[in-house]
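Comments concern the structure below.
In the numbering used here, the protein residues as written are 776 to 959.
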């Protein structure tokens, strides 16, 4: 489902109608999609949410396609820009990402994409995190109006984990409330 169809679906639910009566100045500020693509993924794992900013409280209400919503208890530190004029759809984003991975020689299978679409400084941006079968992650930003990749970063999960050799000993430093010190 594209973001426009999802918006129509959500805004026609009783849950949304009740919400907008309570918060008439709320507006669409972001879309959030989890797209499972791996070998063992199921369509039931797919998630699609639209977020609506509530100016009077500084909070965000996140709606699923059934009109069920949850208001995040924490306020947002900055006013969210309204999301409008989105030209890409999630299938096009998936295709752009796949093409970019291929052109950069990434051959691992895509297990999952986490996609967030939002507006910042009057530009619609798609922020995509790709989880690959080899435990690498790729972070990609796509400019909606140009339909092009603006940022690309590949991260190896193992580089984020400090793996210790077998035989390394860890000591408890009592002066730091149980923190661990390495010893060889």
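Note that beta-carbon positions come from the ideal geometry of N, C-alpha and C, so glycine has one too.
Remember, predicted model here, so these are calculated numbers, not experimental data.
Residue 788 holds the alpha-carbon nearest to the alpha-carbon of residue 842 among 912, 867, 931 and 788.
Residue state for residue 883 is assigned as coil, using DSSP reduced to three classes. Residue 863 carries a coil assignment under DSSP once its states are collapsed to helix, strand and coil. With respect to the C-alpha of residue 876, the residue from 854, 895, 801 and 906 having the closest C-alpha is 906. According to the DSSP assignment, residue 779 belongs to the alpha helix (DSSP H) that extends over 778-786. Relative to the Cα of residue 848, the nearest Cα in the group 838, 859, 861 and 834 belongs to 834. Counting along the chain, residue 834 sits inside the beta strand (DSSP E) bounded by residues 834-838.
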